[in-house]
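The sequence shown maps to residues 49 to 314 in our numbering.
Using N, Cα and C, we set each Cβ at its ideal position, and we do this for glycine too.
See below for the structure under consideration.
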Amino acid sequence: MARTLVTLRTHDGREVAYPRPSGKAKFTPQTGAGISWAKWSWNPVTGCLHGCDYCYARAIATRFPNAFPAGFTPLFHEERLAAPVNTSVPARHQGDPAWQRVFVCSMADLYGRWVPDEWITAVHEAMAGAPWWQYILLTKFPARYVGLDLPPTAWVGTSVDEQKRVRIAEDAFRHLDGGAVKWLSLEPLREPLEFTDLSVFDWVVIGAQTGTRQPDGAVPAFAPPLEWVARIVAQARKAGCKVHLKPNLVNGRPGMTLPDEYPTAR
Ligand code: SF4
49 MARTLVTLRT HDGREVAYPR PSGKAKFTPQ TGAGISWAKW SWNPVTGCLH GCDYCYARAI
109 ATRFPNAFPA GFTPLFHEER LAAPVNTSVP ARHQGDPAWQ RVFVCSMADL YGRWVPDEWI
169 TAVHEAMAGA PWWQYILLTK FPARYVGLDL PPTAWVGTSV DEQKRVRIAE DAFRHLDGGA
229 VKWLSLEPLR EPLEFTDLSV FDWVVIGAQT GTRQPDGAVP AFAPPLEWVA RIVAQARKAG
289 CKVHLKPNLV NGRPGMTLPD EYPTAR
């Protein structure tokens, strides 16, 4: 039987036909590498225009056209907004904090310049309606957080991969309201970065660049030198941040024992 379609909209108002999901919208459990501290993902928005050449999300979106009918063009999935209230932690994972956490828009930047205000409002309302989850947020445009009423259980994060993003991130995080945790993702760390003030963050995560197969060719993996990582770890500790180093920084088995700390909510 032919599946019915829903009509979704892109950021610039184009209509895209998408198969209507057969069941209730729910979070997606993470399998494989993913991130160890959040066991779910939820993508009420997909697609991003930042254009990072190493983007794993674009690599996935362009490889599976049935699941991503608009490719990596920003698309609003209104039909997924009820996922926070429809999802429950499986009995065997009750008590595991990672199963209380959901990575919001792992396939997008929800706070990109191009994202309509209504999309952000709708996603924030969906989060507010299910405050028992910890929502992991991450953007490369943190200025968009400023002035927003951020969900109280959110881990509000920004991703910095190059020096040019450092000042913007520090400025924005000095002016944020709300959220349970403020965190900084340095993944992939592609340059030696100089921060003025890491104390605006509770938690610093550092990772390497994994190789991806992009539409216009392969982008290789990149491993930052130890010195770049060690300097930031020392500065983060001095500023009182918790530090988590991703296992992809060391590929040896066994490799080094890496800092594996987590923040406490404010
Ligand atoms: S900001 Fe994130 S989702 Fe957007 S292109 Fe860069 S890596 Fe991909």
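Backbone secondary structure at residue i - three-state DSSP
i	result
Ala-228	coil
Ser-233	strand
Ile-83	coil
Bridge partners - residue i, DSSP secondary structure assignment
i	result
Tyr-183	Val-150 and Ala-202
Tyr-66	Val-54
Gly-119	Looking at the DSSP assignment, Gly-119 forms no beta bridge with any residue, so it has no partner.
Ile-254	Leu-234 and Leu-293
Asp-308	His-292
CB contact flag (residue i, residue j, <9 Å)
i	j	result
Trp-88	Phe-124	no
Val-248	Ala-284	no
Ala-115	Leu-56	no
Leu-241	Glu-210	yes
Ala-131	Phe-75	yes
Phe-243	Ala-256	no
Asp-250	Lys-290	yes
Ala-73	Leu-129	yes
Arg-149	Tyr-193	no
Leu-198	Gly-226	yes
Asp-144	Val-137	yes
Ile-216	Pro-200	no
Arg-68	Thr-58	no
Same chain, Cβ closer than 6 Å to residue i, neighbours up to 5 away in sequence not counted
i	result
Asp-245	Glu-218
Met-155	Asn-91, Thr-94 and Ala-105
Ala-174	Leu-129 and Pro-132
Val-277	Ile-254
Rounded distance between the beta-carbons of residue j and residue i, thought under 8 Å
i	j	result
Pro-122	Cys-103	The pair is not a contact, with the Cβ atoms about 13 Å apart (cut-off 8 Å).
Arg-238	Ala-107	The pair is not a contact, with the Cβ atoms about 17 Å apart (cut-off 8 Å).
Lys-84	Ala-146	In the sequence as presented, Lys is not what sits at residue 84; that position holds Ser. Confirmed, about 7 Å.
Sequence-distant residues of its chain with Cβ nearer than 7 Å to residue i (five each side left out)
i	result
Lys-230	Val-204, Phe-221, Leu-224, Val-248, Phe-249 and Asp-250
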